[in-house]
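Student:
In mature numbering (1 follows the signal peptide of the UniProt record, and there is no 0), the protein residues as written are -19 to -1, 1 to 171.
#1: Do residue 42 and residue 132 have their C-beta atoms closer together than 9 angstroms?
#2: Decide if residue 107 is buried, meaning its Cβ has at least 16 other Cβ atoms within 10 Å, or exposed.
#3: Whole angstroms is fine: what's the gap from residue 98's alpha carbon to residue 88's?
#4: Using the Cα positions of residue 100 and residue -15, report the straight-line distance between them to the nearest angstrom.
#5: Between the region 118 to 128 and the region 51 to 60, do three or more beta carbon pairs fall short of 8 angstroms?
#6: Going by C-alpha to C-alpha distance, which of 159, 166, 165 and 105 sits closest to residue -8?
#7: Considering residue 114, what are the terminal residues of the alpha helix (DSSP H) in which it resides?
#8: Between the alpha carbons of residue 113 and residue 94, how many angstroms are there, rounded?
#9: Take residue 71 as the anchor and find which of 149, 166 and 91 has the nearest alpha-carbon.
#10: Would you give the residue range spanned by the alpha helix (DSSP H) that residue 101 belongs to?
#11: Just the C-alpha distance for residue 5 and residue 64, rounded to the nearest angstrom, thanks.
#12: Near residue 25, which residues of its chain fall below 6 angstroms by C-beta distance, leaving aside the five closest residues on each side in sequence?
#13: In chain order, what residues of the same chain have a beta carbon less than 8 angstroms from the beta carbon of residue 61, not counting five sequence neighbours either side?
#14: Hey, residue 105 and residue 35 are a contact pair by Cβ (cut 8 angstroms); roughly how many whole angstroms apart?
#15: According to DSSP, simplified to helix, strand and coil, what is residue 76?
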């Protein structure tokens, strides 16, 4: 996996968290930068940890599915991409009236975990490709931290509509990465 793929993957994995962060920012009453940064750190740590967990699970199963690894990665990434696009198209854009000044840690952690399930599945797919997970997880975590922090502040201004578009773009990127992996492996076969 080259640097461009890692960067695109990190961006794709953080777009659903970005979309949630825009919604979180829109739901708050004038969130401050410290609230946005706290949200970014929580989401970033969770988003970095889940692909490592997925990678560990995938490594345990890799000897049994090595002949099909590129197809598994393609199906997982493409399926997640389609799911992200579908969820973005079906998202509820209403904002409650009584807006709090900040969100609780547990609400943020739960939201961060919910948006990181796809990163765990990507970790499983990357294990089949024998890719070092630590640089990828770090890139995903840092990208998520930055995008979520920015997303909360952007949500303060723009509302929830932007978040849905970001998730669609992330879904398209995941489908593209899955397709590239499949094509590279099919071309390499004798």
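For glycine and all other residues, C-beta sits at the position ideal for the given N, C-alpha and C.
Tutor: Concretely, from the data shown:
#1: No, the Cβ-Cβ distance between residue 42 and residue 132 is not below 9 angstroms.
#2: So residue 107 counts as buried.
#3: Rounded to whole angstroms, residue 98 and residue 88 show a C-alpha spacing of 16 angstroms.
#4: Each residue's CA atom was taken as its position, placing residue 100 and residue -15 some 15 angstroms apart.
#5: Output reads no: the region 51 to 60 does not touch the region 118 to 128.
#6: Answer by Cα proximity: 159.
#7: Here the alpha helix (DSSP H) through residue 114 covers 114 to 139.
#8: Their backbone Cα atoms lie some 22 angstroms apart in a straight line.
#9: Nearest option by C-alpha distance: 149.
#10: Residues 86 to 109.
#11: In a straight line, the C-alpha of residue 5 is about 21 angstroms away from that of residue 64.
#12: For residue 25, the CB contacts under 6 angstroms within the same chain, skipping 5 residues up- and downstream, are 122, 125 and 126 in chain order.
#13: Its chain contains 99, 102, 103, 152 and 155 as the residues whose beta carbon lies nearer than 8 angstroms to that of residue 61, once the 5 sequence neighbours on both sides are disregarded; these appear in chain order.
#14: So it is a contact: roughly 4 angstroms between Cβ atoms.
#15: Any answer about residue 76 is weak, because its pLDDT of 45 lies below 50 and its placement is not dependable; what the coordinates show is given next. It is coil, neither helix nor strand.
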